[in-house]
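For what it's worth, the numbering used here labels the leading residue of the sequence shown as 1, then goes sequentially.
Every residue, glycine too, gets a C-beta built ideally from N, C-alpha and C.
Remember, it's a predicted structure, so these values are computed and weren't measured experimentally.
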Amino acid sequence: MIDRDKESDQTADELAKIQAACDAVVRLPPGAIERALADGLPLQALADASATLTAYNIPDPMGGQLTEDAVTNLCKVIHKQGLHEQFLEALYAEPNAPHPPVVSMTLALLQLAAGPSYSGPQLIDVPTVSRSAGA
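Set out below in structure tokens:
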């Protein structure tokens, strides 16, 4: 499984090397991995998780705002501060909390590609997930 950086000669070369070494490659949607973790989740769930990051001596990245700009700021802070694990821990704070949609799809695609009878494409792109209106 790999993330998907911006298209360039370098990323194309790296992808070719990875594909040469693997039977199948599952690639996250375009954009930063932080965005993949947040896509498809309700804004309130993201704001709740964002508010827990103050335990790491930073201001709440979303500041209680339920906007896509606030989500972008959250993603930047997670990346810059290296708070991926802490953010996921906050998302899973509730018992039996569902996986973020991109995580669920990625796990399902990894399971499919790992099967002994898999004969699909070598490069499997995880689709982009939009946040539903009102979410």
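(request) Could you tell me whether the Cβ atoms of Ala49 and Ala90 are closer together than 7 Å? (result) yes
(request) With DSSP as the reference, label Asp39 as helix, strand or coil. (result) coil
(message) Using only CA atoms, which one of Ala114, Leu37, Val26 and Ala20 lies nearest to Glu85?
(response) Leu37
(request) Kindly indicate which three-state DSSP category Ile58 falls into: helix, strand or coil? (result) In the three-state reduction of the DSSP assignment, Ile58 falls in the coil class, being assigned neither a helical nor a strand state.
(message) Please return the same chain residues whose Cβ sits closer than 8 Å to the Cβ of Met1, not counting the five positions on each side in sequence.
(response) If we look at Met1 and ignore the five residues flanking it on each side, its Cβ neighbours are Val25, Val26, Arg27, Leu28, Thr106 and Leu110.
(message) Looking at the secondary structure, which residues open and close the beta strand (DSSP E) in which Leu123 lies?
(response) Leu123 to Asp125
(request) Look up Thr128 in the DSSP assignment and say whether it is helix, strand or coil. (result) coil
(message) Distance check for Ala55 and Ala47, CA to CA, integer angstroms please.
(response) 14 Å
(message) Quick check: the Cα distance between Asp39 and Pro116, rounded to an integer number of angstroms?
(response) Cα-Cα distance, rounded: 31 Å.
(request) Mind checking which residues open and close the beta strand (DSSP E) that includes Arg4? (result) Neither: Arg4 is in no beta strand (DSSP E) and is coded neither H nor E.
(message) Between the alpha carbons of Tyr118 and Leu66, how many angstroms are there, rounded?
(response) When the Cα atoms are used, Tyr118 and Leu66 turn out to be separated by approximately 41 Å.
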